[in-house]
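*Asks:* Quick one: this structure, given as C-alpha cells, is what I'll be asking you about.
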Amino acid sequence: MGACLVTALLFVYAPVLHAMVLQWWNISFYSYAFLIPVVSAYLVWIRRDRVLAIVPQPHYGSGSVLLTLGLLVLVIGQTGGINALQQISLLITLPGMILFLFGKSVLKALLLPITFLLFMIPIWEVVTDPLHVPFQAFSANLGVVLLRVVGIPVFQDGVFIHLPNITLEVARACSGVNYLIAVLATSIPLATIVLTDVRKRILLVMLAMIISVFANSLRVALIGVLAYYDLSGDLHGPYHVLHGVFVSLIGYIAIFGGLWALSRGQQVSHINPSTLGHPERWNIEWKQVRTSWMILAVVLVLAGLFRHVDRSYPVVLRQNLSELSLDSTGWTGNEVSFIEKVEGADKSLSRVYRSTSGGEVRLAVWYFEAQTQGKELVSAGTAKLHSNAIRSKVRLGTQGEAEVNRVLRREGDKTHMIFFWYDINGHIIAGKHEAKIRTVFDAMIHGRTNGALVWVAAVLPSEDQAGKDQTLTTLTDFLEDFYPVLRQSLPNPAD
1016 MGACLVTALL
1026 FVYAPVLHAM
1036 VLQWWNISFY
1046 SYAFLIPVVS
1056 AYLVWIRRDR
1066 VLAIVPQPHY
1076 GSGSVLLTLG
1086 LLVLVIGQTG
1096 GINALQQISL
1106 LITLPGMILF
1116 LFGKSVLKAL
1126 LLPITFLLFM
1136 IPIWEVVTDP
1146 LHVPFQAFSA
1156 NLGVVLLRVV
1166 GIPVFQDGVF
1176 IHLPNITLEV
1186 ARACSGVNYL
1196 IAVLATSIPL
1206 ATIVLTDVRK
1216 RILLVMLAMI
1226 ISVFANSLRV
1236 ALIGVLAYYD
1246 LSGDLHGPYH
1256 VLHGVFVSLI
1266 GYIAIFGGLW
1276 ALSRGQQVSH
1286 INPSTLGHPE
1296 RWNIEWKQVR
1306 TSWMILAVVL
1316 VLAGLFRHVD
1326 RSYPVVLRQN
1336 LSELSLDSTG
1346 WTGNEVSFIE
1356 KVEGADKSLS
1366 RVYRSTSGGE
1376 VRLAVWYFEA
1386 QTQGKELVSA
1396 GTAKLHSNAI
1406 RSKVRLGTQG
1416 EAEVNRVLRR
1426 EGDKTHMIFF
1436 WYDINGHIIA
1446 GKHEAKIRTV
1456 FDAMIHGRTN
1466 GALVWVAAVL
1476 PSEDQAGKDQ
1486 TLTTLTDFLE
1496 DFYPVLRQSL
1506 PNPAD
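Residues are numbered in our numbering as their position in the sequence shown, beginning at 1, plus a constant of 1015.
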C-alpha cells in the first residue's frame, strides 16, 4: 500500500517535479537544490528511532483539511500557470498525508526535514532580489577598505572600483546574495545534526550568514589585488570562478570551525523510551488502516486525473495583429525582428513606427490564446523585463490613465526608454504577480487563460533630463494613438 501511495503521489506531482529539476539544472542559482532531498532524507534517517518509537494516531480531520488545501493550491497553480504555487503545494500535501495516516506526533518529528525541502523550491528570488543592491554596495565598500589596508590606491564610485590600471564593477550576479542562500541550506542541517542547544543552532546560522556577507567582500578585494598586479588573467574566465571557489572554501572552513567550537562540551541527547511508545506498535494490523490508506490513494489518483484535464478554452484575437494599422494617425510601421525573447506566444507582432514629426518607436506584442505548463504569459523570460522597472502612469487613449512599467535599458551605445504591461481581457496590469492572480481568477471563473504582453521602446537622444522628457513625450503620443487600435484586435472581457 505504501508503494501504491508513492506511485499515486508521483502521478499527481511528476510534472511539477520535472519542471523543478529543469530549473535546478538551467539556473545556476539553484544548482545546490539537487542535494536538498538527499539532506532531507538523511534528516529523516537520523530520526528513525524517535519516529518508530511513536504510537501512530491518525488524525483524519486536520489531515483531510491540509491535504485538500495542498491539492487545491496545486489546481490553482496549474490553472493559472504558476509554477511556484504547484511546487509549494507539494510541501502542503506531504505533511497532510503524514497527518492523515500517522498523526500529529509523527508529523512533529518530521517537521524539520519537510520544512527543509523549501530550499529546493525555486522561489527564493522573491527574498533575494531586494537584497542585491545593498549587498553590492556593502561588498564594494568593504572591498575598497581591504584594498586600501594592503596599500593599493583605489577610488570608489558606487559599485565601481577604479584602480590605476582597471575599473572593476561589483555586478548584481556578484553581490553574494546567491551564496547566502547556499550557506543557509548548509548551516541549518549542520546545526540541527550536531548541536543540541537551540541557542547554539541559531548562533551558528547567524554566524554563517555573517561569514557569507564578509566572504564576498574578501572576494572583491582578492580580485582587486590580482587585477592591480596583473595576476588575474581574464576576469570573466576560469579565474573568476576560481576566486569564488577559493573564498567559498574559506567561508565553509569558518562555518565548520564555528560548529566545532560550539559543539565542544555539549552532552549527547538520548531518547527516553519511557516517554514514547514502542517500535512494535507500528505493526498495525492491515484491517485497521486499509480503509484510510485506500481512500488517500484514490483521492491522489483523482487529483492526478483532474490535473490532466485542460478545462480552459483558447480565446482567439478578434483581428489578426498583422492587420493592425496606424496610418490614419500619422504613424507608419515596418516589420522588424524581435529584440526581447518571449516563448510560447500564439500570435506576435514586432514593428518600428515612425511619425510624420520624426518620432520613432519600437513595438512588440505577444498574445497567448491559452496558457499551459511551459507556455505562460509570465515566465522566467518575461520576468527579466521587470528588473529595475518602476511603475509609471500613462494615458492610453480612450482607456484613460493606466499604470504600466517603465525602465531605462542600455544596449551598446544607446539607451532605450521602455514601457510594458500585461493586457488580460481589457485589464491593464503592470505587476507580474498581479497578472498571475488575474489569470487564475479568469481561469477559475470564466475558464480562460488568454492574455497579451505589450512592449514599446524609444531611444533617448541624450542622457540628460531633456532627452528623457523628449522620449517620454514621443512614447506618450504613440500610446495615445496606438492603444485604441490595439483594443480592436484584443478580446473584450465579454468575449
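Don't be surprised by glycine CBs; every beta carbon is placed ideally from N, CA and C.
1. Is the stretch 1039-1056 close to the stretch 1124-1136, with three or more CB pairs under 8 Å?
2. Distance check for Leu-1199 and Ser-1043, CA to CA, integer angstroms please.
3. Taking C-beta to C-beta, are Gly-1078 and Leu-1109 nearer than 8 Å?
4. Can you name, in chain order, every residue of its own chain whose Cβ lies under 8 Å from the Cβ of Leu-1171, other than the five neighbours on each side?
5. Could you tell me the boundaries of the alpha helix (DSSP H) in which Gln-1038 lies?
6. Look at Gly-1427 and Glu-1495 and say whether their C-beta atoms are less than 8 Å apart.
7. Using 10 angstroms around the beta-carbon of Gly-1441, count the other beta-carbons present and answer buried if the total reaches 16, otherwise exposed.
8. Apart from the five residues just before and just after Glu-1418, which ones in its own chain have a Cβ nearer than 6 Å to its Cβ?
9. Under 8 Å, do Tyr-1045 and Leu-1105 count as touching if we go by C-beta distance?
10. So is Ile-1051 buried or exposed if we call it buried at 16+ other beta carbons inside 10 Å?
11. Given a cut-off of 8 Å, decide if Ser-1190 and Ile-1270 are closer than it, judged by their beta-carbon atoms.
12. Please list, in chain order, all residues of the same chain as Asn-1512 whose beta carbon is under 7 Å from its beta carbon, the five residues on each side excluded.
13. Using C-beta distances below 6 Å, list every residue in its chain close to Ala-1404, excluding the 5 sequence neighbours before and after it, in chain order.
14. Whole angstroms are fine: how far does the CA of Asp-1144 sit from the CA of Phe-1150?
15. Helix, strand or coil for His-1074 per DSSP?
16. Go through its chain and collect everything with a Cβ distance to Met-1035's Cβ below 6 Å, but skip five positions before and after it.
17. Inspect the beta-carbon positions of Ala-1188 and Val-1174 and report whether they are closer than 8 Å.
18. Can you give the Cα-Cα distance for Gly-1017 and Leu-1219, rounded to whole angstroms?
19. To which residues of the same chain is Leu-1291 closer than 7 Å at the C-beta, ignoring the five residues directly before and after it?
20. Identify, in the order they occur along the chain, each residue of the same chain with its Cβ nearer than 7 Å to the Cβ of Asp-1212, setting aside the five sequence neighbours on each side.
21. Got a sec, what are the start and stop residues for the beta strand (DSSP E) Ser-1365 sits in?
22. Comparing C-alpha positions only, which one of Arg-1453, Gly-1462 and Arg-1424 sits nearest to Tyr-1437?
23. I need the boundaries of the beta strand (DSSP E) containing Thr-1182, first residue and last residue.
24. Just list the residues that DSSP pairs Thr-1387 with in beta bridges.
25. Which residue from Ser-1363, Trp-1346 and Ile-1460 puts its Cα closest to that of Leu-1490?
26. Can you give me the C-alpha to C-alpha distance between Lys-1399 and Ala-1467, rounded to a whole angstrom?
27. Quick one, are the C-beta atoms of Gly-1319 and Ala-1023 less than 8 Å apart?
28. Leaving out the 5 sequence neighbours to the left and right, which residues in its chain are closer than 8 Å to Tyr-1328 when beta-carbon positions are compared?
29. Which complete alpha helix (DSSP H) runs does the stretch 1396-1463 hold, if anything under 4 residues is left out?
30. Take Asn-1231 and list the residues in its own chain whose beta-carbon comes closer than 8 Å to its own, dropping the five residues that flank it on each side.
31. To the nearest angstrom, how far is the alpha carbon of His-1147 from that of Tyr-1047?
32. Please tell me whether Met-1459 and Thr-1094 are closer than 8 Å, where the distance is taken between their beta carbons.
33. Answer with buried or exposed for Leu-1505, where buried requires no fewer than 16 other C-beta atoms within 10 angstroms of its C-beta.
34. Using CA atoms only, rank isn't needed, just tell me which of Leu-1336, Ala-1223, Glu-1416 and Thr-1488 is closest to Gly-1373.
35. Rounded to a whole number of angstroms, what is the C-alpha to C-alpha distance between Phe-1497 and Arg-1333?
*Replies:* By the coordinates alone:
1. yes
2. 16 Å
3. Taking 8 Å as the cut-off, the beta carbon of Gly-1078 is found no closer than this to the beta carbon of Leu-1109.
4. With the sequence shown as reference, residue 1171 is identified as Gln, and Leu is not the correct amino acid for it. Same-chain partners within the cutoff: Ala-1155, Asn-1156, Val-1159 and His-1177.
5. 1017-1041
6. no
7. exposed
8. Within the same chain, Glu-1418 has close Cβ partners Arg-1406, Lys-1408 and Ala-1445.
9. Taking 8 Å as the Cβ cut-off, Tyr-1045 and Leu-1105 do not qualify as a contacting pair.
10. buried
11. no
12. Here the chain comprises residues numbered 1016 to 1510, so residue 1512 is not present and cannot be evaluated.
13. Asn-1420 and Val-1422
14. 10 Å
15. Of the three classes helix, strand and coil, the one that applies to His-1074 here is coil, per DSSP.
16. Gln-1102
17. No.
18. 38 Å
19. Note that Leu-1291 scores 46 on pLDDT, short of 50, meaning its location in the model is unreliable; the coordinates nonetheless yield the value given after this. So the list reads Ala-1068 and Ile-1069, once near-sequence residues are dropped.
20. So the list reads Gln-1281, once near-sequence residues are dropped.
21. 1362-1370
22. For Tyr-1437, the nearest C-alpha among the options comes from Arg-1453.
23. 1182-1184
24. Lys-1390
25. Trp-1346
26. 16 Å
27. yes
28. Ala-1385, Gly-1462 and Arg-1463
29. 1447-1461
30. Excluding residues within five positions, the ones whose Cβ falls inside 8 Å are Phe-1150, Ser-1154, Cys-1189, Ser-1190, Gly-1191, Tyr-1194 and Val-1262.
31. 19 Å
32. yes
33. Leu-1505 should be labelled buried.
34. Among Leu-1336, Ala-1223, Glu-1416 and Thr-1488, the Cα nearest to that of Gly-1373 belongs to Thr-1488.
35. Near 16 Å, if we compare the C-alpha coordinates of Arg-1333 and Phe-1497.
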